[in-house]
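A quick write-up on the structure given underneath.
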Amino acid sequence: MLSTLEFDLLGDPWPQGSLAANLEPYIRSRSGNVLIDVGGIVHHVRIENFVGSVLPSSRLGRLFRATTKEEVFDLCDHFSEGDPPTVFYDRNSSGFNTVLDIYRTGKLHFTEKSCALVMKQDFDFWGIDEMLLEPCCALKYYPEMEVCSKEQEGELQARQLEQQRALDEDFGDHCLGRIRSKLWNLTEYPESGIDAQISAFFSLFVVVVSTGTFVLGTLEEFQEPEDGNYDDGVERYETIIVILSIIDTVCVTYFTLEYVIRFLCAPRKLHFLVQPMNLVDVFAIIPYFLTIFLHQLEDIQIIGKAGKIVRLVRIMRILRVFKLVRHFAGLQSLIHTMHQAYKELGLLLFLISVTVLTVSCLVYFAERDEGVWSFVDSFWFALMTLTTVGYDLNPRTMLGKVTGGFCALLGVFILTLPIPIVVNSFASYYKNRLWRNEVAVKKRDRIRKATVSRDPSENLFIPGTVPNSALDLGIEMKALNPMV
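Just so you know, we're using the UniProt record's numbering here: the sequence shown kicks off at 1 and counts up by one.
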């Protein structure tokens, strides 16, 4: 007996005594067999598998119940009478065995080699509901369909971004436009050529040198000794040696010129200014000039605490490290992964917060009689124990030690559970990003080659003219979009 859900999915067979049920099917065979040719692969099948099928609303179920020739041709690409008769479908036959099995056995399975997206298309064409999949295959089918859906969305977004980029970055054919295009590709797209890769490598080198200068400037060996004694209430800050100061000035000059060139060449100025990575560039440059300005203010005694302000501003120079994100696809993929897995990460932070708060309360009341622990100390101890970092704080009472041990064990489980989700998401996105970047480069190279004028005698597409034939149009479309 079929359940109500299965009955709805399979379709309602013809009622007994109806006119359609009393008419003879158009497809008949003395041998009881039929040849179904799908994409050149011929299948010998018993007609009774379809006539007595529990899938009367499917394409094959309706085909073998059709009573007129017109109905038959509406449900197939070609039909030839004979014994046995032949039904032809001009489509891929890779998933047709899966379709036949549900008529033979009443069970719907699909092989591991089958693509879930192709099977979805086959199910839609043959009129079979995917909800009929057996549980063993449904566990593989639906996750794979979700992956395929995300891949398609990513490919569509990448294609739309590429098209939008082509529209936005149309600098024109004049001399200034060609210069802007060259400089923009040189500074924005390292994959556009060897010169752009050299420029990106040099920019990366300058970032590393600038960061190293900042680190070395904190050591006493690389600081200038102060001259004289100051008793004016102004907090002095360390001054780096001349060679480091020169290197830092050169690096900042390069960053400034790079940013100005990118801004002048940007096709959309406002959009350029609000981009996160461009904001990082600005905040990495400003501290240098602000330091010079505050230094002058200190000299003329306009402000009395210039030392603290300058020191705070100079710390902002560490933002230059974030310029590395522009040069590493892995770092960009990591940021995207954090954005995609915000639900899992939010759940992790919630669990950590609840656990830390609970453990800190227990430890605080367990150690309160000792008189040396505040609630802040308990909170710090719980956080360090949960993350299995450890610190110099340790409980003295038995209850505090048991609570601390339980917190350490709980931290192992809490921090371990979401890690595979984040790792898998990062690996998948990073792999797809590299693949899409490679495809985008190949597309641009193909378009660039397609725009080169060819010999008209070859009957090929010539830019600026209307294609002369369908073949030319196909070549043009293939160059613009390999998915066509």
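All C-beta atoms, glycine included, are put in the ideal place defined by N, C-alpha and C.
If I measure Cβ to Cβ from residue i and keep anything under 7 Å in the same chain, skipping five residues before and after, which residues do I get?
i	result
residue 560	Nothing can be reported for residue 560, as the shown portion of the chain is limited to 1 through 484.
residue 64	25, 27, 47, 50 and 51
residue 323	207, 280, 281 and 284
Measure the C-alpha to C-alpha separation of residue i and residue j and round it to an integer number of angstroms.
i	j	result
residue 40	residue 93	8 Å
residue 175	residue 110	59 Å
residue 76	residue 85	13 Å
residue 248	residue 280	18 Å
residue 434	residue 148	17 Å
residue 150	residue 29	47 Å
residue 56	residue 325	58 Å
residue 79	residue 103	21 Å
residue 220	residue 214	13 Å
residue 171	residue 336	30 Å
residue 209	residue 246	12 Å
residue 60	residue 158	39 Å
residue 340	residue 173	40 Å
residue 34	residue 73	16 Å
residue 405	residue 350	21 Å
residue 36	residue 118	20 Å
residue 505	residue 81	Residue numbering for the chain in the displayed model covers 1 to 484; residue 505 lies beyond these limits and cannot be assessed.
How would you call residue i, buried or exposed, if buried means at least 16 neighbouring beta carbons within 10 angstroms?
i	result
residue 252	buried
residue 105	exposed
residue 396	exposed
residue 386	buried
residue 136	exposed
residue 429	buried
residue 353	exposed
residue 374	exposed
residue 431	exposed
residue 178	exposed
residue 382	buried
residue 122	buried
residue 291	buried
Spatial neighbours of residue i within its chain, please: C-beta separation below 6 Å, excluding the five flanking residues on both sides.
i	result
residue 128	58
residue 206	251 and 254
residue 348	418
residue 259	281
Residue i and residue j look like a contact to me (Cβ under 8 Å); what is the Cβ gap, rounded to whole Å?
i	j	result
residue 184	residue 115	Actually they are not in contact, since the Cβ atoms of residue 184 and residue 115 sit about 39 Å apart, beyond 8 Å.
residue 268	residue 168	6 Å
residue 319	residue 283	5 Å
residue 359	residue 407	4 Å
residue 31	residue 83	6 Å
residue 222	residue 186	Rounded, the Cβ-Cβ distance is 34 Å, inconsistent with contact.
So, are the CB atoms of residue i and residue j less than 8 Å apart?
i	j	result
residue 316	residue 287	yes
residue 377	residue 393	yes
residue 334	residue 426	yes
residue 240	residue 217	yes
residue 99	residue 126	yes
residue 108	residue 139	no
residue 400	residue 366	yes
residue 43	residue 96	yes
Can you find the residues in the same chain that come closer than 8 Å, C-beta to C-beta, to residue i, ignoring five residues on each side of it along the sequence?
i	result
residue 272	262, 263, 266 and 278
residue 197	190 and 191
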